[in-house]
Every structure is written in structure tokens, then in C-alpha cells.
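J.:
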DNA sequence: GTCTAAGCGAGACGGTACGTCCAGTCTTCCG
DNA sequence: CGGAAGACTGGACGTACCGTCTCGCTTAGAC
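Next up, the structure:
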């Protein structure tokens, strides 16, 4: 997400990668102890031992900074491996998601980021980008499932994403219901009932 | 949510109901044209021709004000009538939800409110409260379905809520995918496959 | 110079005179220990235990704040009393001026204020205002001198002001030559030679 | 004032005189359209098509840059020629001063430079240096006048400088009264009355 | 003909202060 | 005493420059 091809190799002093690191590190630290709304650019800058300018030069807004920091906090992406069955793949994906989510700052910042995204199209773009790997993973799982005959041909991966991430988000942001193994199990069961060829 | 019972009938000048109205009206107007984060108590007060004090006397925070205003914007609650079948009841519920949501300020306001709720337990309480009628409606639908033998006994209404409001929220806040008749149809189909006794 | 008729007696909380005092006091203190350019609104606010807003509400700029503070620092105006002779009056005026100037913050801030005045017409107005009592004093002295026959009729007080404040300013800002009794003596002598009827 | 002797003739690339020119030209331009305080090193650099470093390599501060630029803007120094009488010499000097002053950026820049000088001893040195030719000119005029018997022996040229540059500065910075022929005439008259042997 | 120190434009760096905006509270007067 | 007005403290915002520091390059005298 760092983007803007750094190999512009334009003239002038190049950006110091240590500063990049310091900013992201400080951002994660502040997020952890102050939460989304308690996080200010000012404090991040102070904590990173960096001028505010150096942050604004890299990120146009708090939300882009935080999104980048959260993305890097843990390597949020994990391999979508082939377990041999669609249900297995899904289970692995859901459990992996939960594990990463619960351990990272994403859990704290997601509501704030999504709120911002609702108002700013640029942020929306960032969010979509950040979600694309999930879309891709589900797509792969569904494709393999169809090949194996476990999932109905013509199944739209987007709907599967609705079924997986929808309840997850709902619990995270509204009901605060637990995101545990039982939840994952039910999720997989529902998906397989909805799009499976001969589930149970 | 209109604040505490006004019939304290204490001494002194009673609250002016015109002020209540002016505040709520101005809040909705400002929300519509500035969005959640662009809405400030200051502007609402100015627009309503009211002192900031008169707002703070009624609402402890922006989020409670907005929640009240949004709730009244359209009567967001609607009766959950009995259509004769579980699938019909669900369809009615989902379509009603969509109709109310898409026409009201809730749609603009929800992400912001949920973000606030993630950090402030008081707000979380408000949100839970605001969601309770949906929980109740789903509960009633499920109960009738079980009675009729359409829905598996022991079905947890909470899971059904996950399946209905989860994707809805996900589309609203993340993918911005359409919330239309087709979506509603799929939603109902999935729910019935997941918890129906002999769907299709 | 506080101006803006406070007796608008409009509704709303009236300005707190303690805040006025705190601001001016802090300004003088900061000026003394940091000098003109080292004085920041930020520090004045902090020192006064006052929000920056409360300063900006009263003064549109640093220079107006400082001008007001300096004016009040010592009652810079002093009575122009009648000593019986034009030379005596002038001497009293010059010595009084020196005494007040050297003891107040004016000495430190004058260059900065005048620099600002050179660029901002509003500030120029403030300066003119602040100088008007000197113009008036000289005017009175000249008038009395003409009456007594000591000063040539038709003498323009403005020129006398040139002769008095010009060298004073020049020494203060350029040569840093001493502003002492000898200087005052010479000043008076020159003025009397230039506009006196029969000096020496 | 062009900075230190360039004939160090050390190794390395010599300074590009085009850069010198570009900097000074841009400085004058920016001074004219933005005034003293609106002039920033950053803009001068941009306007000159030059790196900030190239300016800082030549001038340690804004004030030295500006002083140099202003000095070169017009050849501010002019010969103090012998007109045959002290009054004539003085008149020539004053009129020359006015002519140079009013046409150059000095007029805009002087207040700012003097304000800086009030706080920074290094700048004060620069100012004193810049004023020395005036001191010298007046000295020469006074010396010739004494020789001719027109000016009282023992007259301190410094006082004459007070009487000439004082009112000039005062009008320039405080009263904004006109600096015209009449003013010059009065100035000369006053000086001659104050230090002349038998004026009129 | 290399070497090499200095100059060059560009622009990132840590900082500081700016003036603005809101939050939520407090204080006045009017009805 | 309720309500409107608006001043209060406080703190983050995003901007603008400061003066310093790399960068990769050019220039031209010294070797």
C-alpha cells in the first residue's frame, strides 16, 4: 500500500526508510494504547521522533496512515492453502481470519476506518484494496470447490464473501458476540448448505 | 430516547417542545448535507436557532443526538406481520428494512455511530437498544416458523440475525454492493437453507 | 485601546476582565524575557493560563496585542505640565519620554511594531493612535511658547515632533547612542534654535 | 558585502556568478511584491530557480541576503561632492539620499531590517556598516564647513547625523509624512541654525 | 586524463508557530 | 428557573517556513 513507485528516482534527497518504519511503528503503538479516535497525528509524530511534515508528506490523512499501519501490523494476508475439501478450505480461511484479526490492531481500527470510508471515496478505495485479498481467497476456494463438484457451478464468490465477512463484521461492530471456533463452524456450515452440492 | 420523563413537573419554566423539534429538524438537515463527521453541535445549534446549552441539556453527546434524530427521521420501526410462512415473513422483514434504511439518514449515519460505539460503552448500549426491535422481530418470525414446522426447532434467532444483518451491514459499509430485491431474495434463500426444515 | 464599546450589553457571557489582565500580564512578561520576535501567542496563552482562542477573540494579531500590552505596561502617558518656559516644557517632555521609554517594554518592542506597521495599514493606525498623545503634548508646548513670545508664530508642531522623536528613534534603532541627559539637552537646544524667537 | 573574497581559489567548482545574480534579482522581485515579512528564502529560491542551499551558502540569514540585495538594487551610495558651501553640501546630500531611498527597495525593507537589528547583534553590525558611508559623508561635509568657517568648530558630526537621519527615519517609519524638497529644505535650515556660525 | 573538492537543484528531515475549529463547560441576562 | 447567547479552557488540525541534511550530478583546477 506504500505505492507511489519510489523508483521515480527523481532528484532530491530520497525518503528515509527508517522514518517510514518509525512512523508505522509509532502509529501501531498509539493505536493500541489510545484507540482509533484517541490517535492523533501529533502524538504519532512525537512518538516516532519525526516531524509532522514527514507524516503528511506520506499520508494525506489519518485514515490512510492507520490503514497502512494496520495492514503491516501483522502480515494480515495468509496463504489460502488447499486442504482437500471446500469445507476444509473455508474453515482454514475463517479460522485464519479470526486469528489475525483478533491479534492485530485491525480489530480496534476497523470501525473508524469504515466510518471514514463511508464519507470519503478515496478511503473507500483503500478499503476495497485492503479487502481484495479476501475476495481473491474466497474466489480460489470456490473455484476449487466447483472443480471438485462440492460447490454448485455458477456460485458467485461475492455472495460467499457476504456470508463470511458479513456476520463477522456484524459481530465485531454491533453485537460483540464471540468470534470463536463455534462461530466459524456455523459459518462454514451455512455456506455449504447455501452453495454446496450435496452437503450432509 | 427523548431523554428523561418530562413530567417531573418540577418548578420553573417547562421545556419548550418547539426547541425539541427545532433541534431534531436541524440535526437531520445538517446530517444530510454534511454527513456524520461534518455534523457539529455548533452548527446544529446555529441552524436550529438554539443555544448549544439547550442541546447539551437534552443529549449528553453528539451520538445520542444523532441516534435520536435518525430514529425519528422515519419511523424506522415497522410491524412484523404474519404472512403465513417463515420465508414470507423474512422477506417482508428484509424488504421493509431495506426500504426504511435506504430512505433515511441512518444509512449515512450508521458507520459513524458504530465507530463511536466501538470505543464508548455508553454508545454501545444505545446501539444495542436501537437494534433490539430487530432482534425481537427475528425472534418472532423464528418462533412462528418453528411452530409451523418450517424451521428447525432449537434454531438460535441470534444466528439468523447474523445471517440477515451481517451481509446487509457488509454491503452497506464495505462493498457498497446493491441492497435490492435480488439481494433480499438470496438472503431469505440462504437463511431457509441454513435453518429450514425442508426448504426446496 | 481596548475599544469596542463593551457596553454592547448584548446577551451571552461577558468577557472576563481577569482574562484581560492575565493576557496583558503574560504578554509583558514574555516580551521581557524573550523579546519581540521570541514572543509567541502560544506561549502567552500558556503563561496566562488561557486558551489561544481567548487571545484571538480580543486581538487580531500579535502586534495589536503587544501594542496594547506595551501601552499599559507603564502608564506611558504623562502630564505635560507648564514649567513657565518653552525650553523648560520641552526639557520636561523629553526627559519624561526617556524615563518612560527606557523603563518599559516599549523600548524592546518598538522596532518590531514599526516594522509591522510598515506593511499593515491597520497596525499603522494603531501606531498613529499610540503616538497621538505626543503630538498633542508638543502641540500644547508650542502653543504656549508662541503665546509667550518664545516661539516663532506659525511654527508647525509637526516639525518640532520631527526634531524631537526623529533623533530619539534614530538612536534607539540605529546608532544605539545613549539616550541621556546630555542628549535631551542638545535636543532642546536645537529645537529652540530652530523655532525660538530669540534663543540665547 | 558580497561575502568573502572569492579568490580563495581553492579546488572544487567555483561559484556560478549567474546564480549570484539570479538570487539577488529574485530577492528584489519578491521584496517588491511581497514586502519584507512576506519574503521567504523558500520563495526566493524557487523564483531564482535555485536550491535553498545555494542561498544559505552565500548568506547566513534572510536579513543579510536582503541587505545585500537592497544595497545593489540601486547603487545606494553616491559621491558627496563639494558644492562650495556647507548648506549646499548638506542639501545635495539630503536630496541624493531621498532620491536613492525612494526609488529602491530600501524603503520597504528598512523597518524590517532595523527590527531584526534590534534583536540580533550580528545584524546590528551589518546595519552599522551599511550606515557608515553616511556617517563618513556627513563627517566630510562638517569638516569642510568648519574649515570654511561656516560651521562651529568642535561640532560633533554624530549630532548632525541625528538631525538629518532622525527625522528622515521618523517620517519613513512613523508619520509617513512626505519626504520631499520642502522637507529637505527645512532639514538643512535646522542643521545650519543649530551648528552654523552665522546662518542668516 | 584522471582525480577530487566544491557547487549545483531538488527535496526530505526535525521543528516551531501559526490561525482555525469544535468540544464541552460556565456565566450572564431575559422572560 | 428555562432558554439563548456567547465567552471560557483546551487541544488537534493541517499549513508554511525555518535551517540542515542528503542525494546524484556538473564543473574545473590540481595532479
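Protein chains in written order, with our numbering: chain A, -19 to 180; chain B, -19 to 180; chain C, -19 to 180; chain D, -19 to 180.
C-beta: ideal position from N, C-alpha, C; glycine also.
Values in this document were obtained by computation on a predicted structure and should not be read as measured data.
(1) Would you mind telling me which residues of chain C sit closer than 7 Å to residue 26 of chain D, beta carbon to beta carbon, in chain order?
(2) Run the CB neighbour count on residue 36 of chain D, radius 10 Å, all protein chains shown included, and call it buried at 16 or more, exposed below.
(3) Which chain C residues are close to residue 107 of chain D, counting only those with a beta carbon under 8 Å from its beta carbon?
(4) Please state whether the Cβ-Cβ distance between residue 85 of chain D and residue 53 of chain D is less than 8 Å.
(5) Mark residue 42 of chain C as exposed unless 16 or more other C-beta atoms lie within 10 angstroms of its C-beta, in which case mark it buried.
(6) Using DSSP's beta-bridge definition, name the partner residues of residue 131 of chain D.
(7) Is residue 39 of chain B buried or exposed, if buried means 16 or more other CB atoms sit within 10 Å of its CB?
(8) Roughly how many angstroms separate the alpha carbons of residue 51 of chain B and residue 75 of chain B, rounded to a whole number?
(9) Scan the stretch 135 to 154 of chain D for residues whose Cβ lies nearer than 8 Å to a Cβ of chain C and list them as they occur along the chain.
(10) Measure the CB-CB distance between residue 141 of chain B and residue 159 of chain B and report whether it falls below 8 Å.
(11) Contact check, residue 91 of chain A vs residue 153 of chain A under 8 Å by CB: the rounded distance?
(12) Note down the Cα distance separating residue 165 of chain B from residue 71 of chain B, rounded to an integer number of angstroms.
(13) Assign residue 218 of chain D to buried or exposed, taking buried as 16 or more other Cβ atoms, counted over all protein chains shown, within 10 Å of its Cβ.
(14) Does any CB atom of chain B fall closer than 8 Å to the CB of residue 168 of chain A?
(15) Does residue 177 of chain B come within less than 8 Å of chain A when only Cβ atoms are used?
(16) Using a Cβ-Cβ cut-off of less than 7 Å, give me the residues of the stretch 69 to 103 of chain C that come near chain D, in sequence order.
(17) Starting from the Cα of residue 167 of chain C, find the closest Cα among C:108, C:59, C:69 and C:-5 and give me that residue.
(18) What in chain C is Cβ-close to residue 174 of chain D, meaning under 8 Å?
(19) Going by beta carbon distance, what residues of the same chain come within less than 7 Å of residue 15 of chain B, once the five residues before and after it are set aside?
(20) Are the CB atoms of residue 49 of chain D and residue 30 of chain D nearer to each other than 8 Å?
(21) Against chain D, does residue 17 of chain C count as a neighbour if the rule is that its beta carbon must be under 8 Å from one of theirs?
(22) Check whether chain A comes within 8 Å of residue 47 of chain B, counting only Cβ atoms and requiring the distance to be less than that.
(23) Any beta carbon from chain B within less than 8 Å of residue 113 of chain A's own beta carbon?
(24) Could you give the DSSP three-state label for residue 34 of chain C: helix, strand or coil?
(25) Check each candidate in B:121, B:101, B:129 and B:151 and name the one with the smallest Cα separation from residue 137 of chain B.
(26) Out of B:6, B:173 and B:135, state which residue places its alpha-carbon closest to the alpha-carbon of residue 25 of chain B.
(27) Residue 118 of chain B and residue 66 of chain B: beta carbons closer than 8 Å?
(28) Any C-beta of chain D sitting closer than 8 Å to the C-beta of residue 66 of chain C?
(29) Given residue 63 of chain D, which residues of its chain have a CB within under 6 Å of its CB, disregarding the five upstream and five downstream residues?
(30) Going by CA-CA distance only, name the one from C:59, C:97 and C:0 that's closest to residue 150 of chain D.
(31) Going by beta carbon distance, what residues of the same chain come within less than 6 Å of residue -15 of chain B, once the five residues before and after it are set aside?
(32) Is the beta carbon of residue 146 of chain D closer than 8 Å to that of residue 177 of chain D?
(33) Could you tell me which chain D residues have their CB closer than 9 Å to the CB of residue 157 of chain C, listed as they occur along the chain?
(34) Let me know the secondary structure DSSP gives residue 156 of chain A once reduced to three states.
(35) Let me make sure I understand the geometry here. Which of B:34, B:107 and B:134 has the alpha-carbon closest to that of residue -6 of chain B?
T.: On the basis of the data shown:
(1) Near residue 26 of chain D there are no residues of chain C at all, since even the closest Cβ is about 21 Å away, more than 7 Å.
(2) exposed
(3) 154
(4) Cβ distance < 8 Å, so residue 85 of chain D and residue 53 of chain D count as in contact.
(5) buried
(6) D:176
(7) Residue 39 of chain B sits buried, since 16 or more C-beta atoms from the chains shown fall within 10 Å of its C-beta.
(8) 18 Å
(9) 138, 139, 141, 142, 143, 145, 146, 147, 148, 149, 150, 151, 153 and 154
(10) Taking a C-beta distance under 8 Å as the contact criterion, residue 141 of chain B and residue 159 of chain B do not qualify as a contact pair.
(11) 5 Å
(12) 7 Å
(13) This structure leaves residue 218 of chain D out entirely; chain D is present only between -19 and 180.
(14) no
(15) no
(16) 91, 92, 94, 95, 98 and 99
(17) C:69
(18) 169, 170, 173 and 174
(19) Closer than 7 Å at the Cβ level, and outside the excluded window around residue 15 of chain B, lie 88.
(20) Between residue 49 of chain D and residue 30 of chain D, the gap from beta carbon to beta carbon reaches 8 Å or more.
(21) It does: the Cβ of residue 17 of chain C has a partner Cβ on chain D nearer than 8 Å.
(22) Not one chain A Cβ lies under 8 Å of residue 47 of chain B.
(23) Closer than 8 Å: no.
(24) helix
(25) B:121
(26) B:6
(27) no
(28) no
(29) 69 and 72
(30) C:97
(31) For residue -15 of chain B, the predicted model reports a pLDDT of 38, less than 50, meaning its position is unreliable; a value from the coordinates is still stated below. So no residue of the chain qualifies.
(32) no
(33) Simply 138 and 142.
(34) coil
(35) B:34
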